[in-house]
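**Q** In the working numbering, the protein residues as written are 1059 to 1630.
From the three backbone atoms N, C-alpha and C, an ideal C-beta is built for every residue, glycine too.
1. Since residue 1600 is in the beta strand (DSSP E), which residue starts that stretch and which ends it?
2. Among the residues of its own chain, which have a CB less than 7 Å from the CB of residue 1146, if the five just before and after it don't count?
3. Can you list the beta strand (DSSP E) stretches of 3 or more residues lying completely in the region 1540-1605, in chain order?
4. Look at the alpha carbon of residue 1613 and the alpha carbon of residue 1490, and state the distance between them as a whole number of angstroms.
5. Can you tell me the Cβ-Cβ gap for residue 1220 and residue 1241, rounded? I've got them flagged as a contact below 8 Å.
6. Is there contact here, the region 1331-1348 with the region 1400-1412, by at least three beta-carbon pairs under 8 Å?
7. Quick check: the Cα distance between residue 1161 and residue 1309, rounded to an integer number of angstroms?
8. Can you list, in chain order, the residues of its chain with a C-beta nearer than 6 Å to that of residue 1536? Leave out the 5 residues immediately preceding and following it.
9. Please work out which residues of its chain come closer than 7 Å, Cβ to Cβ, to residue 1456, disregarding the five sequence neighbours upstream and downstream, and give them in chain order.
10. If you reduce the DSSP assignment to three classes, tell me which class residue 1157 lands in.
11. Quick check on DSSP: helix, strand or coil for residue 1175?
12. Look at the alpha carbon of residue 1487 and the alpha carbon of residue 1538, and state the distance between them as a whole number of angstroms.
13. When you compare only the Cα positions, how much space is there between residue 1300 and residue 1208?
14. Cα separation between residue 1565 and residue 1589?
15. In angstroms with no decimal places, state the Cα-to-Cα distance between residue 1446 and residue 1356.
16. Within the continuous beta strand (DSSP E) that includes residue 1510, where are the two ends?
17. Report all residues from its chain with a CB closer than 6 Å to the CB of residue 1524; omit the five preceding and five following residues, and keep chain order.
18. Could you please give the first and the last residue of the uninterrupted beta strand (DSSP E) stretch that includes residue 1419?
19. Could you pull out every unbroken beta strand (DSSP E) segment of at least 3 residues lying fully inside the region 1378-1407, listed in chain order?
20. List the whole-angstrom C-beta distance separating residue 1289 from residue 1319, where the pair is believed to meet the contact cut-off of C-beta under 8 Å.
21. Going by other Cβ atoms of all chains shown within 10 Å of its Cβ, with 16 needed for buried, is residue 1374 buried or exposed?
22. Measure the C-alpha to C-alpha separation of residue 1553 and residue 1466 and round it to an integer number of angstroms.
23. Helix, strand or coil: how does DSSP classify residue 1465 here?
24. Would you decide whether residue 1353 is buried or exposed? Buried here means 16 or more other CB atoms lie within 10 Å of its CB.
25. Could you tell me if residue 1204 is buried or exposed, where buried requires 16 or more neighbouring beta carbons within 10 angstroms of its beta carbon?
26. Tell me which same chain residues have a C-beta within less than 6 Å of the C-beta of residue 1198, skipping the five on either side of it?
27. Please state if the CB of residue 1235 and the CB of residue 1226 are separated by a distance shorter than 8 Å.
28. Once DSSP output is grouped into helix, strand and coil, what is the label at residue 1523?
29. Please state whether the Cβ-Cβ distance between residue 1496 and residue 1518 is less than 8 Å.
30. According to DSSP, residue 1299 sits in a beta bridge with which residue or residues?
31. How should residue 1526 be labelled, buried or exposed, when 16 other C-beta atoms within 10 angstroms of its C-beta is the threshold for buried?
32. Which residue from 1506, 1577 and 1584 puts its Cα closest to that of residue 1623?
33. Tell me, to the nearest whole angstrom, how far the beta carbon of residue 1297 is from that of residue 1152; I am working on the premise that it is less than 8 Å.
34. Please state the DSSP three-state secondary structure of residue 1168.
35. In three-state DSSP terms, what is residue 1625?
36. Which two residues bound the contiguous beta strand (DSSP E) that contains residue 1442?
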């Protein structure tokens, strides 16, 4: 009995031991499972359930709470799926207003389409079957005062109706048509049709100019006007002009075509077609108190010239008006107190300009290879605007009260012999690869505003009371100045400069002002007695001074500036 009792006890303990091992093994096995719920709900999770046993459920491991059962996981997964489906279902439905066609048709011949653009859906036979958008576009030309009919179709390609919106049509910058559409349902279209006349007196363009008002300011003026004939017309339709409709795509509301008016000689209905003007080699002499305008715009009433030319405008208030037809080469001489208007000129390979004292010249040519200016002196006033120029060379001085302004130009290399006296070089909104100036002296000024320049080099020095002002968003990779003599000034404001090098002396009262600017490295070879560097509201990474007068030269940094490193190699 005792033996039998012991056997029963051992058997019961053994059974309990086995059960304990099974439970422990289950949890050990669970711990060996990858701690990620990625297997939940797929075939592998079912296999894991079967292997682990009937009382083992799918598990999610949490660092603090241990095991979460599959019932909870299932609820979480379903909520995620429901959230996704709710997101898709609740995706905002918006209209999409698109001008799908724009046609300009000759009113006297309805079978003659002058210009058009439209979208056509064609069957795609490639790998992706189905309809595919194909855009057709053709610009055109017509005679002056041609009566046309302008047609357009607007479609709502979104997935929601559109409320009230305005459709407008422009000829260049001139509004020529406006219509309010109350609503447009999904896939519904609206038609536009109106009469118009393509004319040189229509399609005015907004023009911008900067008026220099003293040393430190330019004032921006806008004026409207046709100022001569308008021969290039861009007809543009804009849907939802005032953005009153919230659309799924706000970038497809415009379509446009271009129409050129064929140009003719003389008056009336003479419409002999001509070519845009090109000059291979052109020399222009502008006498004292004379005026010259060289432009791509057509000069109203101008005589058309081509081939080799040798034109002379006598003095005493005579006005010479010309338009270039095709290619010209040669020279034009404008005597004192007379005026030159040279139009329809789009490209000049080489232009040599010689202005005498008190001359005024405006150059507005899209492309110029080489522009050589002999000198700007006295009260000469020279403007270069909106041109792309490979090389500019001022072979003599800008002196006296001469003024040279480059505005909104793209320039490769620009070199100037010197700027002196009370002369001014004014660079506004330019992109220049390299600007080389030999010397700036006297009371001369250089203003560089809102321009990008790769390298600015003054190979001699700033002398006298001359000033170099760089401000209003300039970005310049390198500024190199050989030296700054007494009383000269370099001002840098609201600009980004990588390196500024003064590779010589800063004389007495020579000053570098840095205000609200970012400069990587400022390197000065020698600061003599009385010279100063003043930094305000700026970030300068490195200031390196090779030699500095111990007592008389000053570096002043305000508390709102950050200078990471100052190295003064030697004090003298």
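**A** Quick answer:
1. 1597-1606
2. Confidence in residue 1146 is poor, its pLDDT being 49 and thus under 50, which makes the residue's placement unreliable; the coordinate value appears in the next sentence. Cβ within range, chain order: n/a, list empty.
3. 1547-1551, 1554-1564, 1569-1573, 1576-1585 and 1590-1594
4. 31 Å
5. 6 Å
6. yes
7. 21 Å
8. 1513 and 1557
9. 1434, 1462, 1474, 1477, 1481 and 1483
10. strand
11. strand
12. 21 Å
13. 22 Å
14. 6 Å
15. 19 Å
16. 1510-1516
17. 1498, 1499, 1502 and 1546
18. 1418-1422
19. 1397-1401
20. 5 Å
21. exposed
22. 18 Å
23. strand
24. buried
25. buried
26. 1172, 1173 and 1317
27. yes
28. coil
29. yes
30. For residue 1299, which the question treats as bridged, DSSP gives no partner whatsoever.
31. buried
32. 1577
33. That pair is no contact at about 14 Å.
34. coil
35. strand
36. 1439-1443
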